[in-house]
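One line per chain: the protein sequences are U and X, in this order.
With this note's numbering, letter number 91 in the first sequence gets 104, and the count goes up by one each step, no holes.
With this note's numbering, letter number 1 in the second sequence gets 14, and the count goes up by one each step, no holes.
Even glycine gets a Cβ: it sits at the ideal position worked out from N, Cα and C.
Before any comments, here is the structure.
There are 2 protein chains.
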Amino acid sequence: MTIPKRPPPAQDSHSASRANPSELPHEATKALPIALLRAREALMSRFRPMLAEHDFTSQQWRVIRLLNEHSTLDAAQLAEKAFILPPSLTRILANLEARDLVTRVQCASDRRRYLFRLTSLGETSFQKIYPDRVKIYKEIEAYFGKRKIALLLELLDDLAQF
Amino acid sequence: MTIPKRPPPAQDSHSASRANPSELPHEATKALPIALLRAREALMSRFRPMLAEHDFTSQQWRVIRLLNEHSTLDAAQLAEKAFILPPSLTRILANLEARDLVTRVQCASDRRRYLFRLTSLGETSFQKIYPDRVKIYKEIEAYFGKRKIALLLELLDDLAQF
DNA sequence: GCTATAACATTAACAAGTTAAGTAAATGTG
DNA sequence: CACATTTACTTAACTTGTTAATGTTATAGC
């Protein structure tokens with residue numbers, strides 16, 4: 014995202030520093046949804062350029078990665094695991110099929126479903142990208158520490174139950 | 014987002030449960046970026062329908078809220094505080110201006126800049142929505158606890174420095 | 001003062017998020 | 001079997017995310 018920093022505003026006549034008796038966050042920058050966004054962006058700003066060099070978006074990569082792990086998945090399974098809504102997934106899969114990275118086979122027992130699988134080109138792409146991903150993840154670990162990552166994951170999973 | 018749960022896959026021939034000697038997350042669902050996304054979505058799935066009833070997206074609402082707090086901001090300040098990239102912000106502001114919720118004034122000392130301000134209609138909209146927002150935030154607090162929220166915010170801010 | 005450079009906002013082009021509606025296949029009930 | 005309902009995926013329409021390029025205004029160096 015890389016929003017450029019600016020010098021502090023010359024003046025800011027009101028309310029930015031007022032009391033907050035309710036103790037609820039009133040500045041957008043202190044709200045939980047934004048904090049989650051900022052933290053995620055800090056990570057994605059490292060992964061995104063790397064993936065772009067391989068001509069993938071982060072969503073496309075999630076699909077590739079899942080198909081590498083599970084060999085075949087249908088659209089609903091991909092949507093759930095990659096946390097991508099079905100309409101987005103339809104487009105992403107169409108893109109990946111057009112690039113011959115993924116193939117679809119209609120499921121025999123339920124013809125509403127399609128099973129997706131990596132092509133050999135898709136597998137090759139995965140193998141090329143994976144080491145770069147590991148490298149970045151290790152940088153995150155080096156900065157943040159395994160313990161804090163584990164703690165953060167725990168809190169996030171808990172919050173996700175809400 | 015509300016991705017429907019599905020029964021576990023009938024069979025999953027390989028690698029989903031293999032050893033992971035590197036101790037790096039290999040399942041997409043365990044990666045930090047996805048965990049951040051899931052947690053955020055848990056929150057947004059509450060805010061979004063409420064905002065939609067008032068005909069706002071969460072991004073539009075962030076802009077409205079910031080202009081309520083700071084009375085006037087230029088685009089760069091809004092982009093930084095709302096964590097929205099300039100091209101998106103341009104469209105959002107155009108939308109809000111078209112709906113007469115926000116006005117723009119060209120800055121006299123620097124004619125590249127525009128200062129944005131809520132209209133009275135914009136202020137009214139803010140006042141209508143704010144109580145609903147507080148209500149939802151209190152539900153989050155009730156579920157998650159102030160202590161855990163504070164801890165999570167701390168970790169997220171730390172990670173955002175990466 | 002003039003020119004090169006930087007900064008602010010916008011436009012363009014494409015990918016993805018979001019909601020609602022649509023199509024086709026499966027399932028359940030009478 | 002006929003019919004309504006549900007499920008899986010897709011399409012449509014709109015908004016936002018993302019990168020690159022453009023036009024305009026400020027600023028810095030000469």
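Cβ closer than 8 Å: which chain X residues qualify as neighbours of M57/U? Mapped onto the first sequence, residue 57/U falls at position 44. Near M57/U (Cβ distances below 8 Å), the residues of chain X are P46.
S138/X to I97/X span [Cα, whole Å]: Position 125 of the second sequence, counted from the start, is the residue given in the question as residue 138/X. Position 84 of the second sequence, counted from the start, is the residue given in the question as residue 97/X. Each residue's Cα considered, the two are about 21 Å apart.
My guess is that H67/X and K141/X are in contact by the Cβ rule of under 8 Å, so how many angstroms apart are they, rounded? Stepping through the second sequence from its first residue, residue 67/X is reached at position 54. Stepping through the second sequence from its first residue, residue 141/X is reached at position 128. The pair is a contact, with the Cβ atoms about 7 Å apart (cut-off 8 Å).
Opening and closing residue of the alpha helix (DSSP H) in which T85/U lies: Counted from its first residue, the first sequence places residue 85/U at position 72. No alpha helix (DSSP H) contains T85/U, which DSSP labels as neither H nor E.
Alpha carbon of L172/U to alpha carbon of R104/X, nearest angstrom: Position 159 of the first sequence, counted from the first residue, corresponds to residue 172/U. Position 91 of the second sequence, counted from the first residue, corresponds to residue 104/X. Looking at the two C-alpha atoms, the distance is approximately 32 Å.
Would you decide whether Q119/X is buried or exposed? Buried here means 16 or more other CB atoms lie within 10 Å of its CB. Locating residue 119/X in the second sequence gives position 106, where the first residue counts as 1. By the neighbour-count rule (16 or more Cβ atoms within 10 Å), Q119/X is not buried but exposed.
Locate the beta strand (DSSP E) running through F129/X, then write down its first and last residues. On the second sequence, position 116 is the one that residue 129/X refers to. Segment Y127 to L131, the beta strand (DSSP E) holding F129/X.
Using a threshold of 8 Å, state whether the C-beta atoms of N81/U and E136/U are closer than that. Numbered from its first residue, the first sequence carries residue 81/U at position 68. Numbered from its first residue, the first sequence carries residue 136/U at position 123. Closer than 8 Å, so yes.
So R117/X is in the beta strand (DSSP E); what residue range does that whole segment cover? Here the question's residue 117/X lines up with position 104 in the second sequence. Counting along the chain, the beta strand (DSSP E) containing R117/X begins and ends at V115 to Q119.
Chain U contact residues for L134/X, given Cβ-Cβ distances below 7 Å: Walking along the second sequence from the start, residue 134/X turns up at place 121. By Cβ distance, chain U contributes nothing, its closest Cβ being about 20 Å from L134/X, past 7 Å.
Beta-carbon spacing of V115/U, R126/U below 8 Å: Residue 115/U sits at position 102 when you count from the first residue of the first sequence. Residue 126/U sits at position 113 when you count from the first residue of the first sequence. Not a contact, by the Cβ cut-off of 8 Å.
Would DSSP call A44/U helix, strand or coil? The count along the first sequence starts at 1 and reaches residue 44/U at position 31. Looking at A44/U - three-state DSSP - the assignment turns out to be coil, as it is neither helix nor strand.
What's the C-alpha gap between A92/U and D123/X? Reading the first sequence from its first residue, position 79 is the one you call residue 92/U. Reading the second sequence from its first residue, position 110 is the one you call residue 123/X. Distance between the alpha carbons of A92/U and D123/X: 48 Å.
Would you call the CB atoms of T85/X and D113/X closer than 8 Å? Taking the second sequence and counting its residues from 1, the one referred to as residue 85/X is at position 72. Taking the second sequence and counting its residues from 1, the one referred to as residue 113/X is at position 100. No, the pair does not count as a contact, with Cβ atoms beyond the cut-off.
Looking at C-beta atoms only, is the number of pairs between the segment 48 to 62 of chain U and the segment 41 to 61 of chain X that lie closer than 8 Å three or more? yes
I need the DSSP call for L170/X, collapsed to helix, strand or coil. Within the second sequence, numbered from 1, the residue matching residue 170/X stands at position 157. It should be pointed out that residue 170/X corresponds to Asp in this sequence rather than to Leu. Correct three-state label for D170/X: helix.
Just the Cα atoms here: how many angstroms apart are P144/U and F157/U? Locating residue 144/U in the first sequence gives position 131, counting from the first residue. Locating residue 157/U in the first sequence gives position 144, counting from the first residue. Spanning the two alpha carbons is a distance of roughly 20 Å.
If F175/X sits next to I149/U, beta carbons under 8 Å apart, how far is it from one beta carbon to the other, in whole angstroms? Walking along the second sequence from the start, residue 175/X turns up at place 162. Walking along the first sequence from the start, residue 149/U turns up at place 136. In fact, because the Cβ distance is near 10 Å, the residues do not count as touching under 8 Å.
Which chain U residues are close to R124/X, counting only those with a beta carbon under 9 Å from its beta carbon? Within the second sequence, residue 124/X is the residue found at index 111, counting from 1. What R124/X touches in chain U: nothing, since even the nearest Cβ is about 16 Å away.
Helix, strand or coil for T137/X? Go by DSSP, reduced to three states. Along the second sequence, one-based indexing puts residue 137/X at 124. Helix.
If you run the structure through DSSP and keep just helix, strand and coil, what is L98/U? Reading the first sequence from its first residue, position 85 is the one you call residue 98/U. Coil, per DSSP.
Exposed or buried, what is A155/U when buried is set at 16 or more other beta-carbons lying within 10 Å of its beta-carbon? In the first sequence, counting from the first residue as 1, residue 155/U sits at position 142. Exposed, since its Cβ has fewer than 16 Cβ neighbours within 10 Å.
Cross-chain neighbours of F139/X in chain U, by beta carbon under 7 Å: Within the second sequence, the letter at position 126 stands for residue 139/X. Those do not exist, as F139/X stays about 12 Å from chain U at its closest Cβ, beyond 7 Å.
As a quick exercise: from R75/U, A65/U, A163/U and L109/U, pick the residue whose alpha carbon is nearest that of L134/U. Taking the first residue of the first sequence as 1, we reach residue 134/U at position 121. When each option's Cα is compared against that of L134/U, the closest is L109/U.
Looking at chain X, which residues of the segment 144 to 161 of chain U have a Cβ within less than 9 Å of any of its Cβ atoms? R146, V147, Y150, K151, E152, I153, E154, Y156, F157, K159 and K161
Taking the C-alpha atoms as reference points, what is the distance between Q73/X and P99/X? Within the second sequence, the letter at position 60 stands for residue 73/X. Within the second sequence, the letter at position 86 stands for residue 99/X. Going from the Cα of Q73/X to the Cα of P99/X covers about 14 Å.
Are the CB atoms of K94/X and L106/X within a distance shorter than 8 Å? Residue 106/X sits at position 93 when you count from the first residue of the second sequence. Residue 94/X sits at position 81 when you count from the first residue of the second sequence. Contact flag unset, no.
Do L64/X and A51/U come within 8 Å of each other at the CB atom, strictly closer than that value? Your numbering for residue 51/U matches position 38 in the first sequence. Your numbering for residue 64/X matches position 51 in the second sequence. It should be noted that the sequence gives Arg, not Ala, for residue 51/U. Not closer than 8 Å, so no.
Going along the chain, which residues of its own chain have a beta-carbon closer than 8 Å to the beta-carbon of A88/X, five neighbours each way excluded? Translated into the one-based positions of the second sequence, residue 88/X becomes position 75. Closer than 8 Å at the Cβ level, and outside the excluded window around A88/X, lie P99, L102, T103, L106, R126, Y127 and F129.
Here's a check: name, in chain order, each residue in its chain whose Cβ is nearer than 8 Å to the Cβ of I162/U, leaving out the five neighbours to either side. The residue labelled residue 162/U in the question sits at position 149 within the first sequence. Contacts found: I153 and E154.
Specify the secondary structure class of S122/U as computed by DSSP and reduced to three states. Counting from one through the first sequence, the residue named residue 122/U turns up at place 109. Coil at S122/U, not helix or strand.
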